[in-house]
Every structure is written in C-alpha cells, then in structure tokens.
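Note that the protein sequences, when read in sequence, are chains E and Z.
Residue 21 is where the first sequence starts when you use my numbering, and the numbers rise one by one after that.
Residue 21 is where the second sequence starts when you use my numbering, and the numbers rise one by one after that.
A virtual CB, placed ideally from N, CA and C, is assigned to each residue, including glycine.
Since we're looking at a predicted model, the values are computed, not measured.
Number of protein chains: 2
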Amino acid sequence: MNPSAAYAELERRFHRLSAVNRAGAILNWDRSTMMPDGASDDRADQLATLNVVAHEILTAPDMPELMSRAEEGKGGLDSWQAANLREMRHVWTHANALPADLVEARTRAASACEMAWREAKKQANFKILLPTLEKVVEITKRVGAAKAQALGLPFYDALLDEYEPGGRSARIDALFGELKAFLPDLLQRVLARQHAAGQLLELDGPFPVEAQRKLGEQMIRVIGFDFHHGRLDVSAHPFTGGTADDVRITTRYDEHDFARALMGVLHECGHALYELGLPRDWNRQPVGNARGMVLHESQSLLMEMQACRSRSFIAFAAPRMREAFGKRGPAWETDNIHRLYTRVMPGFIRVDADEVTYPLHIMLRYRLERAILEGDLPLAELPGAWNDGMRELLGIVPPNDAMGCLQDIHWPDASWGYFPTYTLGALAAAQLFAAARAAEPGLMDEIAQGNFRPLLTWLRTNVHGKGSLADTDRILIEATGQPLGTQAFKAHLESRYLSA
Amino acid sequence: MNPSAAYAELERRFHRLSAVNRAGAILNWDRSTMMPDGASDDRADQLATLNVVAHEILTAPDMPELMSRAEEGKGGLDSWQAANLREMRHVWTHANALPADLVEARTRAASACEMAWREAKKQANFKILLPTLEKVVEITKRVGAAKAQALGLPFYDALLDEYEPGGRSARIDALFGELKAFLPDLLQRVLARQHAAGQLLELDGPFPVEAQRKLGEQMIRVIGFDFHHGRLDVSAHPFTGGTADDVRITTRYDEHDFARALMGVLHECGHALYELGLPRDWNRQPVGNARGMVLHESQSLLMEMQACRSRSFIAFAAPRMREAFGKRGPAWETDNIHRLYTRVMPGFIRVDADEVTYPLHIMLRYRLERAILEGDLPLAELPGAWNDGMRELLGIVPPNDAMGCLQDIHWPDASWGYFPTYTLGALAAAQLFAAARAAEPGLMDEIAQGNFRPLLTWLRTNVHGKGSLADTDRILIEATGQPLGTQAFKAHLESRYLSA
Numbered sequence: 021m022n023p024s025a026a027y028a029e030l031e032r033r034f035h036r037l038s039a040v041n042r043a044g045a046i047l048n049w050d051r052s053t054m055m056p057d058g059a060s061d062d063r064a065d066q067l068a069t070l071n072v073v074a075h076e077i078l079t080a081p082d083m084p085e086l087m088s089r090a091e092e093g094k095g096g097l098d099s100w101q102a103a104n105l106r107e108m109r110h111v112w113t114h115a116n117a118l119p120a121d122l123v124e125a126r127t128r129a130a131s132a133c134e135m136a137w138r139e140a141k142k143q144a145n146f147k148i149l150l151p152t153l154e155k156v157v158e159i160t161k162r163v164g165a166a167k168a169q170a171l172g173l174p175f176y177d178a179l180l181d182e183y184e185p186g187g188r189s190a191r192i193d194a195l196f197g198e199l200k201a202f203l204p205d206l207l208q209r210v211l212a213r214q215h216a217a218g219q220l221l222e223l224d225g226p227f228p229v230e231a232q233r234k235l236g237e238q239m240i241r242v243i244g245f246d247f248h249h250g251r252l253d254v255s256a257h258p259f260t261g262g263t264a265d266d267v268r269i270t271t272r273y274d275e276h277d278f279a280r281a282l283m284g285v286l287h288e289c290g291h292a293l294y295e296l297g298l299p300r301d302w303n304r305q306p307v308g309n310a311r312g313m314v315l316h317e318s319q320s321l322l323m324e325m326q327a328c329r330s331r332s333f334i335a336f337a338a339p340r341m342r343e344a345f346g347k348r349g350p351a352w353e354t355d356n357i358h359r360l361y362t363r364v365m366p367g368f369i370r371v372d373a374d375e376v377t378y379p380l381h382i383m384l385r386y387r388l389e390r391a392i393l394e395g396d397l398p399l400a401e402l403p404g405a406w407n408d409g410m411r412e413l414l415g416i417v418p419p420n421d422a423m424g425c426l427q428d429i430h431w432p433d434a435s436w437g438y439f440p441t442y443t444l445g446a447l448a449a450a451q452l453f454a455a456a457r458a459a460e461p462g463l464m465d466e467i468a469q470g471n472f473r474p475l476l477t478w479l480r481t482n483v484h485g486k487g488s489l490a491d492t493d494r495i496l497i498e499a500t501g502q503p504l505g506t507q508a509f510k511a512h513l514e515s516r517y518l519s520a
Numbered sequence: 021m022n023p024s025a026a027y028a029e030l031e032r033r034f035h036r037l038s039a040v041n042r043a044g045a046i047l048n049w050d051r052s053t054m055m056p057d058g059a060s061d062d063r064a065d066q067l068a069t070l071n072v073v074a075h076e077i078l079t080a081p082d083m084p085e086l087m088s089r090a091e092e093g094k095g096g097l098d099s100w101q102a103a104n105l106r107e108m109r110h111v112w113t114h115a116n117a118l119p120a121d122l123v124e125a126r127t128r129a130a131s132a133c134e135m136a137w138r139e140a141k142k143q144a145n146f147k148i149l150l151p152t153l154e155k156v157v158e159i160t161k162r163v164g165a166a167k168a169q170a171l172g173l174p175f176y177d178a179l180l181d182e183y184e185p186g187g188r189s190a191r192i193d194a195l196f197g198e199l200k201a202f203l204p205d206l207l208q209r210v211l212a213r214q215h216a217a218g219q220l221l222e223l224d225g226p227f228p229v230e231a232q233r234k235l236g237e238q239m240i241r242v243i244g245f246d247f248h249h250g251r252l253d254v255s256a257h258p259f260t261g262g263t264a265d266d267v268r269i270t271t272r273y274d275e276h277d278f279a280r281a282l283m284g285v286l287h288e289c290g291h292a293l294y295e296l297g298l299p300r301d302w303n304r305q306p307v308g309n310a311r312g313m314v315l316h317e318s319q320s321l322l323m324e325m326q327a328c329r330s331r332s333f334i335a336f337a338a339p340r341m342r343e344a345f346g347k348r349g350p351a352w353e354t355d356n357i358h359r360l361y362t363r364v365m366p367g368f369i370r371v372d373a374d375e376v377t378y379p380l381h382i383m384l385r386y387r388l389e390r391a392i393l394e395g396d397l398p399l400a401e402l403p404g405a406w407n408d409g410m411r412e413l414l415g416i417v418p419p420n421d422a423m424g425c426l427q428d429i430h431w432p433d434a435s436w437g438y439f440p441t442y443t444l445g446a447l448a449a450a451q452l453f454a455a456a457r458a459a460e461p462g463l464m465d466e467i468a469q470g471n472f473r474p475l476l477t478w479l480r481t482n483v484h485g486k487g488s489l490a491d492t493d494r495i496l497i498e499a500t501g502q503p504l505g506t507q508a509f510k511a512h513l514e515s516r517y518l519s520a
C-alpha cells in the first residue's frame, strides 16, 4: 500500500472510531439523565461493548504498518493531514500502551473502588475505601509504567498526557510554585478586605426550579449556546456530554440557592461552546477534537469566572434575575449580587471553592497523588497528610474524611493525573481572557449589554476553531503571545479582589 | 474447534451483536424524542456505523464454519441452546442473503424515496413519488429474489419472513379469504345497529397535555408498566423502542382529543409489556428476543383493543377520566365513553381505523403489494387500483392520494411484506385473549377493578416468557389449543358489536 492510500485508510478507520465514540457519548449522557434505574446493567453492557469495538479498531494488527507507511509519505501531506496523522499516532500509542488484561483490570478495580467510595463517603470512614484504593493505586502504577515506556515520558507525565497531551509535571511544579508563593498571602488580604467591606445581604428564596431553568436557558442563549445543536437537562452531577454536533449540558437545581445552578450552567456552557466551535468538517477526525483538558477547562472557567462573575455581566444579569424570581430590594442590586458572586472563603470542599482558594485544593491533591504514586506516602497515611495539607494551604482542617480526602471521585475512579488540569485551565482562562480584552477593547461594555459576540468570535478564531492542529502552548502563544503562565491569573485576582 | 466450543463462541458473538443493536435502539429512540434538530447527520453517521459493526459480526468469514460445527454437536445441546442455535442460523441467513452493495442500495433508495414521499404526501401528488418508488420496487424485487434463494422460500414469503419468521403467504391468503367473506357484511350490520342506537355525545375539551400525560401514566401503571425499566415520552410518530430492560414508549398529545393519545399509550404499553416480560437472562441471545411482528402486534392489540376498549375497562377508566379533566355529565358516563371507544366508521386512513375496518385496509395493501412485486400491477396504476380497492372493500373513495395510496411510509421505506402482520396480530390478539378469559374466568371482573395481574400473569406464562423458543404457531397452539385462525376474532367482533 502506498503512503497516501495508507493515510486514506487511517482516516476511514478513525472516522469509524469517532462514530463509535460519539454513540457512546450519547449513551453516557442518557445514562445520567434519562435512563430508568433498572437499566444500568443493560447500559453497562452496551458501553463495554462499544469500548471493545473502539479498542479493536485501535489495536488492529495492521495499524502499526498503516501508520508507518502513512508517515513515510508525510512530505506529501498538507499541514492539516500531518497534524491529523500526529494525533492518530498519539491516540494509537495510548491505546496500545496497555495490554488488554491491564485495561480490564483497571476497569474492574475502578468499578469496585467507586462502589466502596460511595459507602466510605457516606460513613465518613476511610478504612472502607482503603483496600480497593490500594488496588487502584497498584494498577495505576502499572499503567503509568507501561505508558511511560510507550511514550518515552517520566512516569507521572505519562498519566497526565492522557488528559492533557504534552502536559509535563516539571511545568506544573514551576507554575504551582509561583502560585504557592502568591496565593496564601493574597487570600489573607482578600479576606481582610471583604471583612472590612461589611455584611452581605443574602438572596431570599425559595427559587422555583422552572424559573431557574428558564433563567439559565435565557442566559446561555445570550452567551451563544445553540439549541439546534444542544440541550440543557438535569443530572445528579453536572457535566457536558454528547458530541460536537449535539452538545448536552446538565445541571441540578436547589430551590434555596439559584446561583449554584446558574453558575454551573454558565460553566458548562463554556465547555459546550468549545465543542460547538470546533471546525464542523473536522470533528470526525482526531485533529478536529478539542485540544485537551487544560484548554477545555479554560473555556468553562473563562465563561464562568472571567466573564460571568464580572461586574459587567452581573450588571446585565441582575435585572433579569429580579424578573425571573419576582424579587427586588437592596439584596438584589447589582453591587450586592456581584459581591455575593465573588465572595472568597476557605472551605473544605473543592467543587464549592471560589477562584482564589480553588488552586490550593488542587495543589494539595497534586502533591498527594504524586507522593502516593511515587511511594513516598503510604495510602493508609493519606487522611493525616490531607489534613496537614489543608491546615498548611488553607488554614482549616476538615471535621471528617467525607469532607476531606473522601470528597472526590477521581482517585477511586482511577483518574490519576487529572487534577492539575483544573488549575492549569484557570491560568489559561485568565491569560486568554486578558488577550481577548486587549484585542477587543469594548469587550466588557458589550458583555454589560448582553452581547457576547465579540468574545465568542475571538474565542472561535483563537481557540475553538483550531481543534487539535497545534499543541496547547502553541495555541496559547498564537492567541496571547505567551506560553502558559501565572501572570494573567495573578493580575486578574488582584484586580478583581484587591482593587476597584 | 469442537462443537461445544463453537457454540460457546457463537453465544459470545451474538451477545456482542445484541449489545450493539441495543445501543442502536436507544440512539434511535433519542433521535425521535430528545435529539436537537441540527444533529441528524451526526446521528445518522453513528447509526450507520453501528449497523456496519453489527453486519460485520454476522458476516465474519468464519461464521459458516462455526455454525456448521455447532450444529454437528446439536445432540449435546439442551433445548434452549438448540433453539438459540436455530435462531442464530435464521438471523445469519437473512444477514448473509444479500450482498453488501444490495444492502447499501436499498438503504439509499429507501432514504431518497422517503424524502420524495414527504413531499408527494404534502402536495397529494403521486407523480412526485413515482420515480423513487420504482427504484425501491426494483431493489425490493432483487432483495426478495436473493432471500428466496437463501431461504428456499417463495419470493413474497422470503420478504415476509424477515418480519415474521415462519410467516407464509398461503396461510395469509386463507385467513384473509375468511375475513373477506365475513367483514363486509358484518360492517354493514354494525353500522346499521350503531345508527339505530342514536347520537353519541362527544367529549368536550380541551384536554391539557399535562393532565393527559398523568392519566396515561396512571393507566399504564395499572396495567403493569414498570417505570424502573421504562419511560413514557413524546414523539411525532408514537412507537415502542429501547431494549427489554429499558423499554421506551412514546405518544403525541392532541388537546382536542385525549382518546387518541390514551389509546395509543395503552397500545404501546402492550408492546412494552411483551419486551419487559421476555426472560431476563435470555435477552442477550437470539432465543430471548420477541418472536416476531405477529405476536408483537398481538400484544399491543390485545391490550388496546381486547382489554382496554372493553366495557369492563371503560367502567374502571371513566371515573378516572372525569377526575383527570375535571368533567362530568352524560357524555362522561361509562356507556357513552364505551360507545365512543367502539365506534365503527369506514374511513380513508388506516392508522385511524377501528378494529372492524382495519383488516380491510390491510387486505387492500397486501393485495396491492403482491401485485406490484409480482409484476401484475404497473406502479403508475397504483392510485387507480387503490381507489378501486377502497370502493370494493370499504365503500368509500379517498378524495386525493394523500388520503389514499400516499398515506403510509412502509412502501417508500422498503418495508414490503410488513403490512399483513398487523391483521395477523389482530387475529392472534383475539385468540389469546379468549384463551386467557377461558383460563381465568374472573378476568374481566378483575379488569373492571383495575387489576391486570391475572391477565399479565397469563401472558407472561403463555407468551412473553417463551421468547423465541418455539415458532409463532407452536406458541399459539400451546397457549390456545389452535394455530392462528379467524374464529376468535370473528366471535369477538360479533360479541362486542352485535350482541349485548
């Protein structure tokens, strides 16, 4: 087979892989939103089968030969095809790094550990989790070793690379070091300033679910969510799922607190706009996929934290909130709502954290997961190490492990190497938003009018439309002039929380 | 490979086939209920890929050898395994009867014809349909010829066999002949009797959708629908989809007529109960599937026509209808509602037909589709032949082709051989219901109390729980003492419409 025929055959196979994965994505969404509770075994069987089908496409015996042949003809490919072939190789390498029995062992260990985790969390008892988590750690170490060899990367980087292609721990260490030197002091100053500013007025509920749903829908329409290619539904744990042509975001409503669902929907909408903004014609090939978790998280945080917790957006949203719930009075004025939406307070729970303390939660997890995987921290000592870290970084100690080291599903779920992408995403969000504001000086005024078109156009051009053509740093450099750094994030926090 | 290893390998492959098909079933449901309109190309790509994956499982080069080896060891299989192997052979034979290019040509021709049909129907212009329908007919003839050869069956039977395994046109001719000798005269007597009984009182709407939804949900709960393994939603064309563990029924609501949605839901519920009643442990093997379209339709018609249009059920339902819509007065009395729900009137549209005239619609389609496929009726003469048939069988002539030969999607959709299963199902429904009443003398009294357990238990034992262990006639003989016949259906119509 000549190189161009080999490349064409690869496109055909990766198209099929994409179709199988997209089918699975809709079935996963359905499982969390629509599926009756008695169908979980049935659905698990369907999803496991689709995974096997996908895996077989990637591990077909003639794939190495096809890829080598196609790579021999690289000079004849255009840049889009060359990037696509590079992404194919990356996907293939990850899929083939692990023997089938290790993949299966990981799935089984994660499934058993997740069950134990639910019980351990309910009882706030780490001992219930320990045996299955030991197993997950042991298997994760084997996974990391196998991937390190296949990818030629250090152990932890090989795990990270699955979520953030090109992500490297040496960079993370440097970036987190800068944040560590900055955030604790900033936090104290913000707390003092907020304390001095006096009491906040809480918004008085209840807030009917239907009114919340309508408000959320109205707001994401304003931002640019396209209901011809997406849905908004309810699930126990909010997420963005589906496909780039059919993006499905979910939330959950609390009648006593509408901000949580509203800000959650705006956050997921950021993820959704990234998917919706991927080039239409590319999304059935690897080069058409979103770049990685760092840029994905940057898009949700850019929308939620940078754009929608800004004073400008709250000025636009406040009257619409009052209208949605039929409220008025001092608590419902823009200033008070903006102060509520930018309140900083150290807490135990990561997912409830504000943008100042959130990175501290992540730094703790990053530090601990590396120590566990590298053998420096016996798993039995995790609760103590967690609490020490919370005291050091946030100045508070959780009253029990359910509010401590048992709070997240990621470790039981075998998603080691995932946590740092949250904070790298926050850094990228600040950097991209600053660049967008510099490029479009009227951006915030437009947002205050409910016009997101300038922002969305800039994001489409500089992030969404690039798919996986280049790596994360290249995309950031082209968009902002800099590789990923902490400067814009620090400047953002100082501007929002210490000046004005 | 020894025979038992070959059989075990076949079970593994058919399990995978089932999982792929079940995944496709949920995606099909989603397409009709949840999918945003911009995602149809994306979804078509997913479904086409899953079809290819399923087809490749069935056409794997080693399948003939595996089946032959397994069949050599038939003596060592238990009866369940032997039946499963027989069903595997049947599924394989249908899948392998057609060369891949003919399958693809059929899909493409049906898709083009369906598009033309929508336009032709809108404009009531058969000429718009003719060219693409010619193509569908031509391909259907090739399909029939290929299947006839593979199955060793007459041409039309080979098409019918896909929907109703074991179904034969000689049987249909005989059964339809008996109906033809019976129905037109019965119809005249029923019309005269209903005319003599005087004016009916129409139910006064509007009927809010939410109240209709609640009433439908209440009624199918009464009948035994299990919401832990199913859902009720809205779609443009009502259907029952999903899987046996996750059955999804749909309806559409008309604010001016609640009977349509309610009776539609009860009809689909009959389909759903069949799926839900299939043996839990079998449903990932061919022997665990529903037997065929005749028994499937029998279950929906048994529930809708036999059980839920009975005087007994209406006596139970009427007070609940009054409560659901806050109504009272003479129109809302049981007698009037029952008369409304058993009103007979020749009409142009099959899907709106009552149970007396419905078989006449089917006999017309059966006669015409055979004539077309056998070359006795040029397609251009279809509208005239249709109208002649309507005059002969129902005494009315449609004012245009939209209300005549353009009303159904089946022919454009390439579903030739499907129509007769509707009426065979109606015969089976009457026969099964009569047997259930004979076996459970208190059945109707229980239904009048809203207790469907005796009926459902009988159906579970005699129909649902048998999956595809035996053929349709064997199941009917064991359940009713007779192969499929017209006697019970005729007795039912006489009893409901001419006595009492």
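Which of helix, strand or coil DSSP assigns to residue i
i              : result
R300 (chain E) : helix
D265 (chain E) : coil
D224 (chain Z) : coil
T260 (chain E) : strand
T443 (chain E) : helix
D274 (chain Z) : strand
D433 (chain Z) : coil
I357 (chain Z) : helix
Closer than 8 Å to chain E by CB, residue i
i              : result
L293 (chain Z) : no
A120 (chain Z) : no
D82 (chain Z)  : no
A449 (chain Z) : no
V73 (chain Z)  : yes
H381 (chain Z) : no
H215 (chain Z) : no
Chain Z within 8 Å of residue i, Cβ atoms only
i              : result
L245 (chain E) : It should be pointed out that residue 245 (chain E) corresponds to Phe in this sequence rather than to Leu. Answer no: the Cβ-Cβ gap between F245 (chain E) and chain Z never drops below 8 Å.
M239 (chain E) : no
R42 (chain E)  : yes
P299 (chain E) : no
L30 (chain E)  : no
Limits of the unbroken alpha helix (DSSP H) element including residue i
i              : result
G250 (chain Z) : From DSSP, G250 (chain Z) is part of no alpha helix (DSSP H) but of the beta strand (DSSP E) over G250 to V254.
S515 (chain E) : Q507 to L518
V72 (chain E)  : S60 to L78
A131 (chain Z) : Note on residue identity: the sequence assigns Ser, not Ala, to residue 131 (chain Z). Taken as a continuous stretch (DSSP letters only), the alpha helix (DSSP H) holding S131 (chain Z) covers A120 to Q143.
Option nearest residue i by Cα separation, candidates the options
i              : options                         : result
A168 (chain E) : E:R188, E:A468 and E:E29        : E:R188
T53 (chain E)  : E:V254, E:M383, E:E29 and E:A45 : E:V254
Q208 (chain E) : E:R359, E:T260 and E:V364       : E:V364
A80 (chain Z)  : Z:E92, Z:L30 and Z:R63          : Z:L30
N221 (chain E) : E:L414, E:W352 and E:L380       : Reading off the sequence, residue 221 (chain E) comes out as Leu, not Asn. It is E:W352.
Sufficient close CB pairs (3 or more, under 8 Å) joining the stretch 444-456 of chain Z to the stretch 475-491 of chain Z: yes
Cβ pair count under 8 Å reaching 3, the stretch 25-42 of chain E against the stretch 232-250 of chain Z: no
Inter-stretch contact at 8 Å, needing at least 3 Cβ pairs: the stretch 112-128 of chain Z / the stretch 75-88 of chain Z: yes
Segment contact, 8 Å Cβ cut-off, at least three pairs: the stretch 301-316 of chain E with the stretch 484-498 of chain E: yes
Inter-stretch contact (C-beta, 8 Å, three-pair minimum) for the stretch 293-302 of chain Z and the stretch 191-208 of chain Z: no
Touch test, the stretch 424-437 of chain E against the stretch 344-359 of chain E, Cβ-Cβ under 8 Å, three pairs minimum: no
contact_flag[the stretch 256-270 of chain E, the stretch 61-72 of chain Z] where n(CB pairs < 8 Å) is 3 or more: yes
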